[in-house]
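Numbered per full-length UniProt numbering, the sequence shown spans residues 1 to 349. The C-beta atom is built at its ideal place from N, Cα and C for all residues, glycine as well. Quick caveat, the model's predicted, so the values are computed rather than measured. As C-alpha cells, the structure follows; a few thoughts come after it.
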Amino acid sequence: MAGSLVNHIRTAALLLFAAEFWKRLAAGLKVLFATICRLLCRLAKGQRLPSPAQNDCCIQLPPDIYKRADPLLYAQYYLMAQGLAVTWDNPDIDIFDGTLPVTGALQPAHTYRVRVRVWNGSYDAPAVGVGVALSYLSFGAQTISRPIANVAINLGAKGTIDCPAYAEFSWTTPATGGHYCLQAQLSWGDDANPSNNLGQKNVNIAEMRSPAKFVFSVRNEASVVRRFQIEADCYALPKLRPCVPPRGQGRDERTDTPQPRLAESKARWAKALEEQAYGRFPVPDDWLVRIVPRTLLLQPRQLTEIAVEIEPKDSAFRGSKTFNVHVFTIGESGSRTMTGGVTLTATKG
1 MAGSLVNHIR TAALLLFAAE FWKRLAAGLK VLFATICRLL CRLAKGQRLP
51 SPAQNDCCIQ LPPDIYKRAD PLLYAQYYLM AQGLAVTWDN PDIDIFDGTL
101 PVTGALQPAH TYRVRVRVWN GSYDAPAVGV GVALSYLSFG AQTISRPIAN
151 VAINLGAKGT IDCPAYAEFS WTTPATGGHY CLQAQLSWGD DANPSNNLGQ
201 KNVNIAEMRS PAKFVFSVRN EASVVRRFQI EADCYALPKL RPCVPPRGQG
251 RDERTDTPQP RLAESKARWA KALEEQAYGR FPVPDDWLVR IVPRTLLLQP
301 RQLTEIAVEI EPKDSAFRGS KTFNVHVFTI GESGSRTMTG GVTLTATKG
C-alpha cells in the first residue's frame with residue numbers, strides 16, 4: 001500500500017515537471033519568435049540590425065524562463081578548489097555485499113552492488129537522463145581508470161521527491177585482490193556547474209600492530225616531469241544539522257523574512273569555509289604519521305609506491321582513528337593542485 005502511494009506521488013511529480021517544462025518551453029519560444037519578427041521587420045524596412053556586444057547573444061532569454069539543472073555529488077577536487085577540507089570516504093558512493101555495507105579491502109572476483117547518490121543544485125530545473133559512469137582505479141592517486149558501466153537516471157529539482165536520485169551498479173572485482181578506488185562521473189548536456197560531477201571513494205582499514213602500515217601508488221599522468229607533495233590531516237564530515245535552523249538563522253535580520261535562495265546559499269558556503277577550511281584539521285600531537293617519501297619527482301607515466309605508518313603515542317589506545325592522505329602536484333611557481341588521495345583508518349582492539 002505504501003509503495004503504491006509512493007508510486008502515485010512520484011507519477012504526479014513527474015507530470016508536474018512535464019507540465020512546467022512545456023509551459024516554460026512555450027514561453028521561451030514566444031520570446032524567440034517575437035525577437036525574430038522584430039529583426040525581420042527591421043530588415044524589411046531597410047534598417048540595420050543591432051550589433052551584439054562581443055561574446056554576447058542576439059537573443060537573451062529571461063532568467064525566469066531559462067533554468068539550468070545542476071547534477072552533483074560529493075566532489076573532492078571541486079571542494080578542495082574552493083578551499084575546503086575533504087575526505088576520500090565519499091558519502092555519496094556506497095558499496096554493498098548483498099544488503100550489507102562494505103568497508104575495507106574487497107574480495108577478489110566477487111560481485112558487489114554499488115550505489116551512487118546524485119543531487120541537484122537547482123530548485124527550478126529537473127534533469128531527465130543524467131548519465132552516471134562508474135569506473136575503478138587501483139588504490140592510490142592518478143592511477144589508470146577502468147570503466148565498469150554507465151546508467152541514466154531522472155533527477156528532480158532540489159527539494160522534490162526525486163532529489164536525490166540513485167544509480168545502481170553491479171561490479172565484479174578483478175581476480176587480483178587488494179584495495180580499489182571507485183569513481184563516479186556525472187554527465188548532463190546543459191549543466192550549470194560541471195565542476196562538481198566527479199566523486200571518488202578510496203578507503204583503507206588496517207589493524208594497528210605497532211604501527212598500522214599502508215601502501216598506495218602515485219602515478220604521473222602528465223607528459224612532463226612533475227613534483228608531488230604528500231600530506232595528511234584528520235578531517236571528517238561534520239554531523240548533519242537539524243533541517244529546521246535555529247531561530248534567526250536563514251532569515252533576513254532587518255525584515256525577519258526568509259533569505260532569498262542565493263543569499264542563503266552564499267551564507268552556507270561562507271560558514272562551511274569558516275568551519276571546514278583545508279588546514280584546520282591537523283594530525284593530533286598524540287599520533288605519529290610517517291609518510292615515505294613526502295615529496296618526490298616522477299617521470300612521465302612513472303608509478304611509485306608511498307608507504308604510510310600510523311600509530312598512537314599512547315600504547316594503551318583502543319579504538320579507531322581516521323586520517324586523510326592528500327597528493328598534490330607542485331607547479332614551477334610553487335602552486336599546488338590536488339591530484340588524489342586516500343582515507344586511512346587505523347584500528348586497535
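Taking 8 Å as the cut-off, the beta carbon of Val292 is found closer than this to the beta carbon of Ala307. Annotation for Lys266: no beta strand (DSSP E) segment contains it, though the alpha helix (DSSP H) segment containing it runs 261-276. Its chain contains Leu73, Tyr74, Val116, Arg117, Gly199 as the residues whose beta carbon lies nearer than 7 Å to that of Asp92, once the 5 sequence neighbours on both sides are disregarded; these appear in chain order. Straight-line measurement puts the Cα of Ala85 at about 22 Å from the Cα of Tyr180.
Minimum Cα-Cα distance from Gly121 among the listed residues Asp70, Val102, Ala277 corresponds to Asp70. The alpha-carbon of Ala316 is positioned some 27 Å away from that of Arg280. With 16 or more neighbouring CB atoms inside 10 Å of its own CB, Trp188 falls in the buried class. For Tyr78, the enclosing alpha helix (DSSP H) starts and ends at 76-81. Looking from the CA of Val218, the closest CA among Leu298, Pro312, Lys313 belongs to Leu298. In the DSSP annotation of this structure, the continuous segment of the beta strand (DSSP E) that includes Asn150 starts and ends at 145-155. Using a Cβ distance threshold of 8 Å, Thr160 and Ala109 do not count as a contacting pair. It is roughly 6 Å from the alpha-carbon of Arg68 to the alpha-carbon of Ala125.
Our two residues, Pro300 and Gln276, have alpha carbons roughly 34 Å apart in a direct line.
For Tyr180, the uninterrupted beta strand (DSSP E) segment begins and ends at 180-187. For Trp269, the closest C-alpha among the options Leu79, Ile36, Leu32 is that of Leu79. About 7 Å separates the CB atoms of Asn202 and Gly341; that is less than 8 Å, so the two are in contact. A distance below 8 Å between beta-carbons, with the five flanking residues on each side excluded, links Pro282 to the following residues of its chain, in chain order: Asp233, Cys234.
Leaving aside the five residues that flank Arg318 on each side, the residues in its chain whose CB is nearer than 6 Å to its CB run, in chain order, Lys348. In this chain, the beta strand (DSSP E) harbouring Asp233 covers 226-233. If you compare the alpha carbons of Pro284, Ala263, Tyr77, Leu182 with that of Phe323, the shortest gap goes to Pro284. Secondary structure note for Tyr112: its beta strand (DSSP E) is the uninterrupted segment 111-120.
A straight-line Cα-Cα distance of about 5 Å links Asn197 and Leu186. Beta-carbon to beta-carbon, Phe228 and Val327 are separated by about 6 Å, close enough to satisfy the 8 Å threshold. According to the DSSP assignment, Pro211 belongs to no beta strand (DSSP E), since it is labelled neither H nor E.
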